[in-house]
Amino acid sequence: MVRDGRTVLSDAILSQADMHALYGGVVPEIASRKHVEAIAGLTDQALRDAGLTRKDIDAVAVTYAPGLIGAVLVGVSFAKSAAYALGVPLIPVHHVRGHIAANY
1 MVRDGRTVLS
11 DAILSQADMH
21 ALYGGVVPEI
31 ASRKHVEAIA
41 GLTDQALRDA
51 GLTRKDIDAV
61 AVTYAPGLIG
71 AVLVGVSFAK
81 SAAYALGVPL
91 IPVHHVRGHI
101 AANY
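One point on numbering: in UniProt numbering, the residue at position 102 of the sequence shown is 102, and numbering is uninterrupted.
See below:
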């Protein structure tokens, strides 16, 4: 969760590294399935950690490319649904630009 586009209020992360290590690397199908299982709960955790509720959300940002297509589709679908349900703008962000912007 971010306030005013710059202040990070919470940063919830769920790593899949240990699970994928069993296979010697990322298995795209497993990654996307785990994204489906975790995304709603992780979003709720981020809201709790920031002391916010869904009513406090005024926009939803999502990275759309590049990436593993299954995992990207999960994130984009969730973000589109959330933005629509909340009646707030959807902000698409190129994944690489997101990494660059994180440095500032």
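Built from N, CA and C at the ideal position, the CB exists for glycine as well.
Member of the options whose CA lies at the smallest distance from the CA of residue i
i, options, result
"Asp-56", "Ser-32, Gly-87, Glu-29", "Gly-87"
"Asp-49", "Phe-78, Asn-103, Val-8", "Val-8"
"Ala-61", "Glu-37, Gly-70, Gly-75, Gly-24", "Gly-75"
"Val-26", "Ile-69, Arg-3, Val-2, Arg-54", "Ile-69"
"Pro-28", "Ala-12, Asp-58, Leu-73, Tyr-104", "Leu-73"
"His-99", "Pro-66, Ser-81, Gly-24", "Pro-66"
"Ile-13", "Gly-41, Leu-22, Lys-80", "Gly-41"
Separation of residue j from residue i, as counted between CA atoms
i, j, result
"Ile-39", "Phe-78", "8 Å"
"Ser-15", "Ala-83", "25 Å"
"Leu-52", "Ser-10", "10 Å"
"Arg-54", "Ser-81", "13 Å"
Beta-carbon spacing of residue i, residue j below 8 Å
i, j, result
"Ala-46", "Met-1", "yes"
"His-94", "Thr-63", "yes"
"Ser-59", "Ile-30", "The residue you asked about is not Ser; residue 59 is Ala in the sequence shown. Not closer than 8 Å, so no."
Per-residue burial, residue i [other beta carbons within 10 Å of its own, 16 or more giving buried]
i, result
"His-35", "buried"
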